[in-house]
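What follows is a short report on a single structure.
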Amino acid sequence: MKYRQLTKEQFEALHVEFAQFLASQQVDINEWNAIKKDKPEVAEQELNLFSDVVWDDVLNRTKYLEHFSEKSINLFKVEEKVISRIVVQINKTDFSFFNDKDYQWFIDNTKDGSITFYKGVKKYESDRNSEIFDLIQKGSVIADGKLYEGLFKLIS
Numbered sequence: 398m399k400y401r402q403l404t405k406e407q408f409e410a411l412h413v414e415f416a417q418f419l420a421s422q423q424v425d426i427n428e429w430n431a432i433k434k435d436k437p438e439v440a441e442q443e444l445n446l447f448s449d450v451v452w453d454d455v456l457n458r459t460k461y462l463e464h465f466s467e468k469s470i471n472l473f474k475v476e477e478k479v480i481s482r483i484v485v486q487i488n489k490t491d492f493s494f495f496n497d498k499d500y501q502w503f504i505d506n507t508k509d510g511s512i513t514f515y516k517g518v519k520k521y522e523s524d525r526n527s528e529i530f531d532l533i534q535k536g537s538v539i540a541d542g543k544l545y546e547g548l549f550k551l552i553s
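Here this note's numbering is used: position 14 in the sequence shown is 411, and no number is missing along the way.
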């Protein structure tokens, strides 16, 4: 596997797509049930293959990622050849990006001296999708890019 197998909930949400995937391999429901019963290792391989197809589709469409912690935000713009990153660091006691009031303070006070911004760009060290998947596994979430683009304009 390139990534990880989808969860049971993800498979359930994608049951129509999985049925189409099996149909594309000329496997109908009766044959699939027989494979699960008689050849569980083959069924597992099919689940893994479908998971990789789904992950590749999601990762290919991913443009931005975000990762929040108490006092910092990591924002990523994932392009074809490079990944750009903006880091926001807050140097204030009693502050948490997880607190709505503190987050709003940050939005309203981006020029405050307790806020430090960093930015950088690097080429992928390996496969683009693998690096994006690794960031997701480490807690990043796929984002719409509004925060990244807004901060990029602010600090550029």
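All residues carry an ideal CB built from backbone N, CA and C; glycine is no exception. Computed from a predicted model, the values in this text were never measured in an experiment.
- Restricting attention to alpha helix (DSSP H) runs no shorter than 4 residues, the region 423–492 encloses them at 426–435 and 437–458, ordered along the chain.
- Judged by pairs of C-beta atoms under 8 Å, the region 454–467 does not touch the region 436–446, as fewer than three such pairs exist.
- Note that the C-beta distance between residue 463 and residue 537 is below 8 Å.
- The DSSP-derived three-state label of residue 400 is coil.
- Sequence-distant Cβ neighbours of residue 500 in its own chain, meaning closer than 7 Å and more than five residues away, are 494.
- Contact between residue 516 and residue 552 holds: CB atoms are separated by about 6 Å, below the 8 Å threshold.
- Under DSSP, residue 538 shares a beta bridge with 463.
- Residue 398 and residue 405 have their C-alpha atoms roughly 17 Å apart.
- With a cutoff of 8 Å on beta-carbon distance, residue 535 and residue 511 are scored as not near each other.
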